[in-house]
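The structure appears below as structure tokens.
Number of protein chains: 2
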Amino acid sequence: MQYELYYWPGIQGRGEFIRLALEEAGADYVDACRRAESSGMGMSAMMRLMESPELAQLPFAPPFLKAGEQIIAQTANILFFLGPRLGLAPDDEAGRLWVHQLQLTIADLVTEAHDTHHPIGSGLYYEDQKPEALRRAQDFTQMRLPKFLGYFESVIERNPAGADWLAGADITYADLSMFQVIEGLRYAFPRNMKRLEPEYPLLVALHERVAARKRIKAYLTSKRRQAFNNDGIFRAYKELDR
Amino acid sequence: MQYELYYWPGIQGRGEFIRLALEEAGADYVDACRRAESSGMGMSAMMRLMESPELAQLPFAPPFLKAGEQIIAQTANILFFLGPRLGLAPDDEAGRLWVHQLQLTIADLVTEAHDTHHPIGSGLYYEDQKPEALRRAQDFTQMRLPKFLGYFESVIERNPAGADWLAGADITYADLSMFQVIEGLRYAFPRNMKRLEPEYPLLVALHERVAARKRIKAYLTSKRRQAFNNDGIFRAYKELDR
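Protein sequences appear in the order of chains A and B.
According to UniProt numbering, the residues represented by the first sequence are 1 to 242, in order.
According to UniProt numbering, the residues represented by the second sequence are 1 to 242, in order.
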């Protein structure tokens, strides 16, 4: 089956967690909004779907995935659906719930990283919430980020199958997402990450292990991978990286 | 099986979404932290579990559920696990993912409601972030809340099985959570909810339908139901309800 991914063009954003899973698996997919309007895809295709009055299972927001007639939204939910189909999740229910639990905790970290530049309103400009962003970013880099990183480091350390991945003996979609979070954090908070990373060697090694995967490596240097920029979740505002 | 729910005592918080599902199903469960320390339960039992160096599948934070030897965290993940076991989720995979997607969107709304009084740091006091809270609450009540409520209203309206519930012909855990969110919003933002509710008649009717369920009704008047208070997610700060 050819999957169709719908997500805002021009940023990695939450869509990137889905892209990484599809790329690692070598899956057949279309990044719909990045295709030409003339092909029937592009932003208008996404808006048509989101605004269709016939759509019963309405997404609240992108990303969403079209798999045949099924439309699935919420990043962690999409990955829960894709995981077994792409060979990126354990076979048993308990294992799948555990990987999903990790993904939901990654999602919480991603939301908090986003809110460092948008602590007041996601519909307002960063420029309209700079003093608040400064305070929130300070709390994030000093309190929350070390707590999250320490947690994930500990999860890898306790993995009964060995300290290569977050869960089990094989790579899962949660490892790919963890890689992406570290990439994003390095882009947004280079000074803080330089300070923090030595304390989390297993996370750093996991990041390198993902980056070295054949298909991920090819993807990261392809045109399909968009660069980080200051419209996305992770933004390089120097003043927030004290 | 007797389930054990672990969550901070003294508040409804995220634990309440789990409690409502267990109560509606008449499930056998223990609200561990509200039991006496002398019975081997209470807060120490929760801390023992969370700090156990042997625990491989570590929760990042409460709530978590103990089901036999399995420990499951993240509210939406716990409900995904419990749903089919308690008869509160559809039988088919597509239906279960749809209900889970709704639950994850409810979780996003809950986080945003929480952040109205904690926009800067969850570890700081409300008193230390009051001006920021004022701005965030204004954005929430004017922009975000109507967007979320309009979305869920539309989901009920589009339910092919009828406009009684969010998904399908029978009650699911997402309906119970939606009920709880409306309860919480009425507690935290009575003035805004009075203004907004007339626009969302299907949501209001769903709330009443849940409140009238036999077991939920009995639960809400029992000692097991804790009252809302200003330590929880939904807080009655008048200044934030303009």
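For each residue, glycine too, the CB sits at the ideal point set by N, CA and C.
Here the structure is a predicted model, which is why all the values come from computation and not from measurement.
If I follow the unbroken alpha helix (DSSP H) through Q180(A), where does it start and stop?
173-188
Excluding the 5 residues preceding and the 5 following residue 262(A) in the sequence, name in chain order all residues of the same chain whose CB lies nearer than 8 Å to its CB.
Outside the displayed range of chain A (1 to 242) lies residue 262(A), so it cannot be described from this structure.
What residue range is occupied by the uninterrupted alpha helix (DSSP H) comprising I156(A)?
145-158
Establish whether the CB of L180(B) and some CB of chain A are separated by less than 7 Å.
The sequence as given places Gln at residue 180(B); Leu does not occur at that position. No, because no Cβ of chain A sits closer than 7 Å to the Cβ of Q180(B).
Residues near F60(A) in its chain [Cβ-Cβ closer than 7 Å; skip 5 each side]:
Apart from sequence neighbours up to five positions away, the residues of its chain that approach F60(A) with a beta-carbon distance below 7 Å are A73, ordered along the chain.
Length of the line joining the Cα atoms of P146(B) and E199(B)
For P146(B) and E199(B), the distance between alpha carbons rounds to 9 Å.
Within 10 angstroms of the Cβ of P53(A), are there 16 or more other Cβ atoms? Answer buried if so, exposed if not.
The residue is exposed, with fewer than 16 neighbouring Cβ atoms inside 10 Å.
From this set, L240(A), Q226(A), R213(A), F148(A), which residue's C-alpha is nearest L203(A)'s C-alpha?
The shortest Cα separation from L203(A) among L240(A), Q226(A), R213(A), F148(A) belongs to F148(A).
Given that M143(A) touches chain B, what residues does it touch there, using C-beta distances under 8 Å?
G121, G123
For T111(B), return the contacting residues in chain A, with the cut-off set at a CB-CB distance below 9 Å.
D108, T111
For my contact list, D241(A) and F189(A) are in at a C-beta cut-off of 8 Å; report their separation, rounded to the angstrom.
5 Å
Closest Cβ-Cβ distance between W98(A) and chain B: below 7 Å?
yes
From L109(B), G42(B), E37(B), pick the residue whose C-alpha is nearest to that of F234(B); which is it?
L109(B)
Mind checking E16(B): buried by the 16 CB within 10 Å criterion, or exposed?
Note on E16(B): 16 or more other CB atoms within 10 angstroms of its CB, so buried under the neighbour-count rule.
Quick check on DSSP: helix, strand or coil for L5(A)?
strand
Starting from the beta carbon of N77(A), find every residue of chain B whose beta carbon is closer than 8 Å, and list them in chain order.
Those are L97, H100, Q101, L104, listed as they occur along chain B.
If we call anything under 7 Å between Cβ atoms a contact, is L55(A) one with Y173(A)?
no
Minimum Cβ-Cβ distance from E132(B) to chain A less than 7 Å
yes
Roughly how many angstroms lie between the CA atoms of R213(B) and R195(A), to the nearest whole one?
54 Å
Residues bridged to N210(A) (per DSSP):
As written in the sequence, residue 210(A) is Val, which differs from the Asn given in the question. For V210(A), which the question treats as bridged, DSSP gives no partner whatsoever.
Sorry if obvious, but does the Cβ on A211(A) come closer than 6 Å to a heavy atom of the ligand MN?
Absence of the ligand MN is noted for the structure shown, with no ligands found whatsoever.
Any idea if M193(A) is buried or exposed, counting beta-carbon neighbours within 10 angstroms, 16 or more meaning buried?
buried
Compile a chain-ordered list of the residues in the segment 154-184 of chain A whose CB is closer than 9 Å to at least one CB of chain B.
S154, V155, R158, N159, P160, A167
Using 8 Å as the threshold, is the segment 7-26 of chain A in touch with the segment 76-90 of chain A, meaning 3 or more CB pairs across them?
They touch, by the three-pair rule.
C-beta neighbour in chain B for D139(A), strict 7 Å
yes
Out of curiosity, what's the CA-to-CA distance linking A32(B) and W8(B)?
Distance between the alpha carbons of A32(B) and W8(B) is about 9 Å.
Let me see if you follow: with CB-CB separation under 7 Å, is A89(B) close to chain A or not?
no
Straight-line Cα distance separating P62(A) from M41(A):
15 Å
Who are the neighbours of L58(B) on chain A, taking C-beta pairs under 9 Å?
Y151, S154, V155, R158
Beta-bridge partners of K66(B), as assigned by DSSP
E4(B), I71(B)
I need the DSSP call for D91(B), collapsed to helix, strand or coil.
Annotated three-state conformation of D91(B) is coil, per DSSP.
Integer Cβ distance of P119(A) from P119(B), believed to fall under 8 Å:
5 Å
Is Q70(B) close to chain A? Criterion is C-beta to C-beta, closer than 7 Å.
At least one chain A Cβ lies under 7 Å of Q70(B).
R35(A) versus S44(A): straight-line alpha-carbon distance, rounded:
Straight-line Cα distance between these residues: approximately 11 Å.
With a threshold of 7 Å between beta-carbons, can R35(B) be considered close to chain A, or not?
no
So is N77(B) buried or exposed if we call it buried at 16+ other beta carbons inside 10 Å?
buried
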